[in-house]
Amino acid sequence: MRQVRRPPAQPNRPSPPTPPFNAPAVRRLRAALSMGPEHVAYGMRVSYGLPYVTPDLVTAWERGVAVPSNPELTALAGVLWCSPGELLGRPRTLREHRMARGLAPEDVARAVGHELQAYLRMEEGDDWRGTERQSAALAELLGLRLPDLVTVTGRDARLADLLRSAVTTRWQAYARPVGKLVPLDRRLVEDALQELHREYHGQMVATLSWGSEGGTSAAGREFLDRIVDHFWTRVSDRAPGAI
Numbered sequence: 008m009r010q011v012r013r014p015p016a017q018p019n020r021p022s023p024p025t026p027p028f029n030a031p032a033v034r035r036l037r038a039a040l041s042m043g044p045e046h047v048a049y050g051m052r053v054s055y056g057l058p059y060v061t062p063d064l065v066t067a068w069e070r071g072v073a074v075p076s077n078p079e080l081t082a083l084a085g086v087l088w089c090s091p092g093e094l095l096g097r098p099r100t101l102r103e104h105r106m107a108r109g110l111a112p113e114d115v116a117r118a119v120g121h122e123l124q125a126y127l128r129m130e131e132g133d134d135w136r137g138t139e140r141q142s143a144a145l146a147e148l149l150g151l152r153l154p155d156l157v158t159v160t161g162r163d164a165r166l167a168d169l170l171r172s173a174v175t176t177r178w179q180a181y182a183r184p185v186g187k188l189v190p191l192d193r194r195l196v197e198d199a200l201q202e203l204h205r206e207y208h209g210q211m212v213a214t215l216s217w218g219s220e221g222g223t224s225a226a227g228r229e230f231l232d233r234i235v236d237h238f239w240t241r242v243s244d245r246a247p248g249a250i
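Just add 7 to wherever you are in the sequence shown, counting from 1, and you've got my numbering.
Right, dumping it as structure tokens:
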């Protein structure tokens, strides 16, 4: 395979982080259109003004050897007759959720009531600073589920801290703080915390019964490391429509 060369980046202009690229989706969509890498490369050169795109570069994307930049992703989606979101894995950041919806930064900034430059700084720093009203508008525009909204608004770490304390001490003391962090019915939060508390301590007792102190700490760490995922799973099990 020939070496693939992109145009050099402009000085002092770092490239924005690329989204989680779904290489198998590119291969699948290209094959469905009966196109070869050379056809994709040609379309990106002619229709989207990317003269450096070669079949080798397209193949590198499909193999996961390289990842397209944001402009390349948009052009690739256009050639494959799909939305950029169809070429992404599960979005994680604010920028990735926006790109998955095929929206420009201007669209989001206008919809949530932020100045464009202020919004772009939030994307670049992965640091959302909106009001509750703006957060609600953001969730509606980007189709964010509650767990995704908590993540992109920077509340994941705080939620994890509260949940760890709840399952290792008295869960009742943390029902209200968790409820303030995530807009869920208080009873639903209490039930989820109680179940997590019971499951965590049940694992501790079960491991201790085998007389393995090292196993106890390992089991506890693993449970606590994934405590946010466990919480959302318990909420979803009890109230599927809540998140």
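Beta carbons are placed, not taken as given, at the ideal position from N, Cα and C, and that holds for glycine.
Give me the DSSP bridge partner(s) of residue 95. Beta-bridge pairing links residue 95 to 28.
Please report the distance separating the alpha-carbon of residue 242 from that of residue 232. 18 Å
From residue 115 to residue 89, what does the alpha carbon distance come to, in whole angstroms? 21 Å
If distances are taken between C-alpha atoms only, which option among 152, 27, 126 comes closest to residue 134? Here the closest residue by C-alpha is 126.
Going by DSSP in three states, residue 250 sits in which element: helix, strand or coil? Of the three classes helix, strand and coil, the one that applies to residue 250 here is coil, per DSSP.
Residue 107 versus 29, 199, 38, residue with shortest Cα-Cα distance: Of the listed residues, the one whose Cα sits closest to residue 107 is 29.
CB residue 65 to CB residue 38, shorter than 7 Å? Against a cut-off of 7 Å, the Cβ pair of residue 38 and residue 65 comes out as no contact.
Check whether the Cβ atoms of residue 199 and residue 230 sit closer than 7 Å, and answer yes or no. no
4 or more residues per run - each alpha helix (DSSP H) lying fully within the region 25-91: 30-39, 44-55, 62-70, 77-86
Span of the alpha helix (DSSP H) holding residue 141? From DSSP, the alpha helix (DSSP H) with residue 141 extends over 139-149.
Are there 16 or more other CB atoms within 10 angstroms of the CB of residue 314, so buried, or fewer, so exposed? In the structure displayed, the chain extends from 8 to 250; residue 314 sits before or after that span and is not available.
Report the CB separation of residue 178 from residue 201 in whole angstroms; it is logged as a contact under 8 Å. 6 Å
Going residue by residue through the region 149-177, where are the continuous alpha helix (DSSP H) segments of at least 4 residues, counting only ones entirely within it? 153-159, 163-175
I need the straight-line Cα distance from residue 247 to residue 196, nearest angstrom please. 14 Å
When you compare only the Cα positions, how much space is there between residue 221 and residue 235? Confidence in residue 221 is poor, its pLDDT being 48 and thus under 50, which makes the residue's placement unreliable; the coordinate value appears in the next sentence. In a straight line, the C-alpha of residue 221 is about 24 Å away from that of residue 235.
Alpha helix (DSSP H) containing residue 180: first to last residue? It is not in any alpha helix (DSSP H) - residue 180 carries neither H nor E in the DSSP assignment.
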